[in-house]
Amino acid sequence: MTQVQLQVPEVHCDHCKSSLEGAVGALDGVDTVEVTVADATIDVAFDEGSVGLDAIKTTIENQGYSVVA
Ligand SMILES: [Cu+2]
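In our numbering, the protein residues as written are 1395 to 1463.
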């Protein structure tokens, strides 16, 4: 399992948290995902054999947020 933390600067409320956690959590291979609104971060644990970091970033961007690695 790989664990990453990404900065998602536009996250500002619980709606952002739930939409991002829902979208990223729906990806095959993602084990856990947690958005911390106060820090504008997303912590993702995932299986690199099933899903790549690029796919996770793309999913976040498709929700309308930019990602700072
Ligand atoms: Cu929001």
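For each residue, glycine too, the CB sits at the ideal point set by N, CA and C. Remember, it's a predicted structure, so these values are computed and weren't measured experimentally.
Check                                                                                                          : Outcome
Asp-1408, enclosing alpha helix (DSSP H) - first and last residue                                              : 1408–1419
Cβ neighbours of Ala-1417 in the same chain (closer than 8 Å, five flanking residues each side left out)       : Thr-1453, Ile-1454, Asn-1456 and Gln-1457
CA-to-CA distance, Gly-1443 to His-1406, given in whole angstroms                                              : 32 Å
Residues that DSSP places opposite Ala-1439 in a beta bridge                                                   : Gln-1397 and Thr-1426
Beta carbon of Val-1402 nearer than 8 Å to that of Ile-1436                                                    : yes
Val-1398, buried or exposed, once every other Cβ within 10 Å from all chains shown has been counted against 16 : exposed
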